[in-house]
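Structure record follows, encoded as structure tokens.
Below, the structure is given as structure tokens:
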């Protein structure tokens, strides 16, 4: 069998893995940005106990390996009698891990906005909540967008970790085919598919960055 014919032969399995990778990315991604913005605002303006808890959250999730977090959640929760589908647990871990990073990015962006704008809003009689939502957040999001986009691009590569918990993602599809047929071709196919996927995301996020900068 020629290399091209072999690639066509394994493509159905690779596409099944790609679909799992995309679903994992989607269900992690949609919760990260709203949670990060909410947590960042609380870290800057919330009560001291809330800020303290959020500091612990970001410290712990950014200070431990993602793979270890995944293993504790997937294999540890059943030991405590908590039964949740592995896919949902993995998506939750990716979400919490990346939310911790993006929360810190957003917090720094919020705090980088000129303090004079808070004073001007106060003079105009705007409440603190309205000041944050209408004046500070739009500017902060534009500031935080480039590093946040980098985190979201890294997320699609991080999803390959679900192969260690038996999820049929793109990496595991390549592993199964490579071990069965004793060839490196499936790994190369997965490599190319990840490059194409991240390239699409880079172009997409670059478009959003340019659009956001256009409003400056």
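In our numbering, the protein residues as written are 1 to 216.
Where is the CB? At the ideal position from N, CA and C, for every residue including glycine.
- Within the same chain, and ignoring the five residues on either side of residue 97 in sequence, the residues whose Cβ sits closer than 7 Å to its Cβ are 61, 66 and 69.
- The C-beta distance from residue 91 to residue 171 rounds to 16 Å, too long to fall under 8 Å, and the pair is not in contact.
- A distance of 8 Å or more separates the beta carbons of residue 21 and residue 158.
- Annotation: the segment 128–178 contains the following complete segments of the alpha helix (DSSP H) (minimum length 4 residues), in chain order: 137–158.
- With a cutoff of 8 Å on beta-carbon distance, residue 135 and residue 44 are scored as not near each other.
- For residue 2, the secondary structure class from DSSP, reduced to helix, strand or coil, is coil.
- CA-CA distance, residue 166 to residue 88, rounds to 13 Å.
- Judged by their CB atoms, residue 201 and residue 141 are not nearer to each other than the 8 Å cut-off.
- Sequence-distant Cβ neighbours of residue 74 in its own chain, meaning closer than 7 Å and more than five residues away, are 86, 89, 90 and 165.
- Less than 8 Å separates the beta-carbon of residue 185 from that of residue 3.
- Non-local beta-carbon contacts of residue 13 in its own chain, meaning distances under 8 Å to residues more than five positions away in sequence, involve 173, 176 and 177 in chain order.
- Membership of residue 87 in the alpha helix (DSSP H) is indicated by the continuous run 86–112.
- Straight-line measurement puts the Cα of residue 179 at about 27 Å from the Cα of residue 72.
- Counting along the chain, residue 50 sits inside the alpha helix (DSSP H) bounded by residues 48–62.
- Take the alpha-carbon of residue 42 and the one of residue 10: they are about 48 Å apart.
- Nearest to residue 209 by alpha-carbon distance, out of 24, 114, 150 and 129, is 150.
- One thing to note: residue 148 has its Cβ no nearer than 8 Å to the Cβ of residue 104.
- Counting C-beta atoms within 10 angstroms of its own C-beta, residue 80 has fewer than 16 neighbours from the protein chains shown and is therefore classed as exposed.
- DSSP places residue 186 in the helix class (H, G or I) of the three-state scheme.
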